[in-house]
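Have a look at the structure below, then the notes.
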Amino acid sequence: MLDPHVTATCWMVFSFLIKFATAKQCTNPPPGIHKMVRGVDITRLDLVPLEDSGNDGFMSPVLNFTCDETRTWKTPEGKEYQLPDQIWHLSSHPGGWLSADVHLYKSYDDVRKSLSAEVGLSGTLWKFAFSSSNSFKKMQNTISNSSRYISDLGTFESALKAEFKPSWVVGMDVYAQKFVDNFLTGTFEANPSGYNRFITNFGTHYFTRGNFGGFIRDVIETKSDYFYSRSDREVESNAKASFLNVMSVTGSFGSSSQKVDQNFTNASTHIVRYYGGNTNLLAQNGVSEWQTTVDLDPWLFSGELKPISDLISDETKKQSTERAVENYVLKSYLGELERIVASARSKANDPVLNGLEARVIKMKSVPVLDLEDVETLSGDIQNEITAPTWFTMNTKLCFKWWATHIGTQCGGGADSLLCATPNSMTPFYQDNTDDRAGGCWMQWSIHSNGYPSWFEDVQICYKWEGDKSFCGGGADNLLCAGINNFTIKYLDDTDDRKGG
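What follows is the structure in structure tokens.
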């Protein structure tokens, strides 16, 4: 007679095997969503790449689609597909080319924030993500080494939104789970090779939501000095109009009469890419033909990422995976810091930069990195090589003038207040003082906001020497003023007499 405990145990194992063996694979899932089962390396992710070559950051599958529940989903056109058991919601959302979003990048941190927002990254790791992404590195190089800023425009057609069920429902792909069971033994500190190998195979994150469709991207690189005398809104308006005109030239939208500042056009270059579908977008009437193919071959262009550790049920292995992912991302970020310092050193042989480079190299040899140490080193590097935004964009040198009697003696048609940001010039001011009565009062100021406390001690000074019957109007020879204040007024009353 069989022992009843053995019988029960055998029956449980047998039932599990039967369930696994009979899991029904999906033969006709909605196009495109298969990409969501793959893990993602957040240091390399390149969802809408600017170049075809290179690693896009997608790794081996961490999830698997099954269709045991025999659910279906229909497109708005009535096309029916199997809906995988792991998908919670699936819906269609129309898009439109004229509703292009514009993102301005004046620093590579602007790029990183935008890329992070596209995939819903949160927490501390987003500050270090994308370090090895090809598109991120290209845009970083443009901003750092080409004296150009970037307008990044993206717009989609016929988006499909997919959302996974919670992590505790979907479970891991069988092969990923086998790796967890067999190779993730002990803690990360005790078994770093096992956890690093897991990341090498399966990545750091996975998509819980995905947006699919046809996607057009126009990356406009514009000389940075164009931005100095324009507001962000002006730049965005010109970028969007320029994008629509480029599409018009390719036959994408018919004719376009969008007005673009010629200076913007002259200062800019375009990188236009399209994703999804299978027709040449740039051919005459190509967009209308391409749109019909998008539904059959949509592109994953945005979504929401979650840590791959969420899929691991064992608490020790979960926490160790989180630590391993943090260390992996920080290691990649040190490679980015090394690039940044090397670029700066190529322009100036600065002993401080040499010391920073040595610190980066030393830290790269540390097996397990400390987040605060990396943040401190990053801050020291940024402070050394990057002019802060409050100075480059929010600080202006200003000149104010007005006539004492006859307006035509002063300005030459210029505004009464002329300002310029660093690395730019004010508009022209013309001096027409002559023998007629009166002259021109003048004042100078530095205007700024968002500055650190030490900047409060900065002053602007104007020193003059000359015939007091022509110059000064009773003002001291040295006129100074603090931030956001104008100097005492100075009079220019030169005429045809000798001196000045």
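With mature numbering (1 follows the signal peptide of the UniProt record, and there is no 0) applied, the sequence shown corresponds to residues -23 to -1, 1 to 477, in that order. We put the CB at the ideal spot given by N, CA and C, even for glycine.
Q | Rounded C-alpha distance that separates Val17 from Gly356 | A | 28 Å
Q | Bounding residues of the beta strand (DSSP E) (the contiguous stretch that carries Thr49) | A | Arg48 to Lys51
Q) Do Ser84 and Asp272 have their C-beta atoms within less than 8 Å of each other? A) no
**Q.** Element boundaries [alpha helix (DSSP H), containing Gln296]
**A.** Here the alpha helix (DSSP H) through Gln296 covers Glu292 to Arg322.
Q. Quick one: is Met340 near chain C, going by C-beta distance under 8 Å?
A. No chain C appears in this structure, which consists of one protein chain only.
Q) In whole angstroms, what is the alpha-carbon distance linking Arg186 and Ser30? A) 26 Å
Q. Where does Pro71 sit, in a helix, a strand or coil, going by DSSP?
A. In this structure, Pro71 counts as coil in the three-state DSSP scheme.
Q) What number of angstroms, rounded off, separates the C-alpha of Ile338 from the C-alpha of Met370? A) Here the alpha carbons of Met370 and Ile338 stand approximately 33 Å from one another.
Q.
Just to confirm, is the Cβ distance from His247 to Asp195 under 8 Å?
A. yes
Q: Would you check whether the ligand ZN has a heavy atom nearer than 7 Å to the C-beta of Asn178?
A: You won't find the ligand ZN in this model; it holds no ligand whatsoever.
Q. Do the CB positions of Ile19 and Ala106 come within less than 8 Å of each other?
A. yes
**Q.** Alpha carbon of Ser124 to alpha carbon of Ser201, nearest angstrom
**A.** 6 Å
Q: Could you check how far apart the C-beta atoms of Ser128 and Val237 are, in whole angstroms? I think they sit under 8 Å.
A: So it is not a contact: roughly 12 Å between Cβ atoms.
Q: Inspect the beta-carbon positions of residue 507 and Val351 and report whether they are closer than 8 Å.
A: Missing from the structure shown is residue 507; the chain here goes from -23 to 477 and no further.
Q: Name the residue from Lys114, Lys90 and Thr101 whose alpha carbon lies nearest to the alpha carbon of Asn32.
A: Lys114 is the residue among Lys114, Lys90 and Thr101 whose C-alpha sits nearest the C-alpha of Asn32.
Q.
Can you check which of these residues, Asp453, Glu57 and Leu282, is closest to Tyr183 by C-alpha distance?
A. Ranking Asp453, Glu57 and Leu282 by CA distance to the CA of Tyr183 puts Leu282 first.
Q: Specify whether the stretch 43 to 50 and the stretch 142 to 158 touch according to this definition: at least 3 beta carbon pairs, one from each stretch, less than 8 Å apart.
A: For the pair of segments examined, the stretch 43 to 50 was found not to touch the stretch 142 to 158: the number of CB pairs separated by less than 8 Å stays below three.
Q) Going along the chain, which residues of its own chain have a beta-carbon closer than 7 Å to the beta-carbon of Ser108, five neighbours each way excluded? A) Thr20, Ser309, Tyr310, Gly312 and Glu313
**Q.** Whole runs of the beta strand (DSSP E) within the stretch 340 to 398, excluding any shorter than 3 residues
**A.** 373 to 380 and 394 to 397
Q: Just the C-alpha distance for Leu22 and Asp209, rounded to the nearest angstrom, thanks.
A: 28 Å
Q) Leaving out the 5 sequence neighbours to the left and right, which residues in its chain are closer than 8 Å to Phe(-8) when beta-carbon positions are compared? A) Low per-residue confidence applies at Phe(-8): pLDDT is 39, beneath 50, and the placement is therefore not dependable, though the value from the model is reported in the following sentence. Answer for Phe(-8): no residue qualifies.
Q: Spatial neighbours of Ser401 within its chain, please: CB distance less than 7 Å, with the 5 preceding and 5 following residues excluded, ordered by chain position.
A: Asp202, Tyr205 and Ser206
Q) In chain order, which continuous runs of the beta strand (DSSP E) of length 3 or greater are located wholly inside the stretch 116 to 147? A) DSSP runs (the beta strand (DSSP E)) wholly in the stretch 116 to 147: 125 to 141.
Q) If Thr4 and Gln63 are in contact, beta carbons under 8 Å, what's the gap, nearest whole angstrom? A) No, Thr4 and Gln63 are not in contact; Cβ-Cβ is about 15 Å, not under 8 Å.
Q | C-beta contact flag for Gly190 and Leu137 at 8 Å | A | Their beta carbons are under 8 Å apart, which means Gly190 touches Leu137 by this criterion.
Q) In terms of DSSP beta bridges, what is Trp421 paired with? A) Phe376
**Q.** Asn41 classed as buried or exposed, judged by whether at least 16 other C-beta atoms fall within 10 angstroms
**A.** buried
Q. Ala244 by DSSP, collapsed to three states: which one?
A. coil
Q) So, helix, strand or coil for Asn426, using DSSP? A) coil
Q: With a floor of 4 residues, list each alpha helix (DSSP H) that falls wholly inside the stretch 181 to 233, ordered by position along the chain.
A: 209 to 226
**Q.** CA nearest to the CA of Thr385, picked from Asp411, Asn360, Ser91 and Ala397
**A.** For the residues Asp411, Asn360, Ser91 and Ala397, the minimum Cα distance to Thr385 belongs to Asp411.
Q. Exposed or buried, which one is His80 when buried takes at least 16 other CB atoms within 10 Å?
A. buried
Q. Excluding the five sequence neighbours on either side, which residues of its own chain have a C-beta within less than 8 Å of the C-beta of Met340, listed in chain order?
A. Leu311, Leu346, Asp350, Val351 and Leu354
Q | Ala(-3) to Ile358 span [Cα, whole Å] | A | For Ala(-3), the pLDDT reaches just 48, beneath the cut-off of 50, and the residue's location in the model is therefore unreliable, leaving the point undetermined.
Q.
Between the alpha carbons of Trp267 and His70, how many angstroms are there, rounded?
A. 18 Å
Q) Whose C-alpha, out of Ala139, Phe133, Ser121 and Phe447, is nearest the C-alpha of Gly280? A) If we check each option's Cα against that of Gly280, Ala139 comes out closest.
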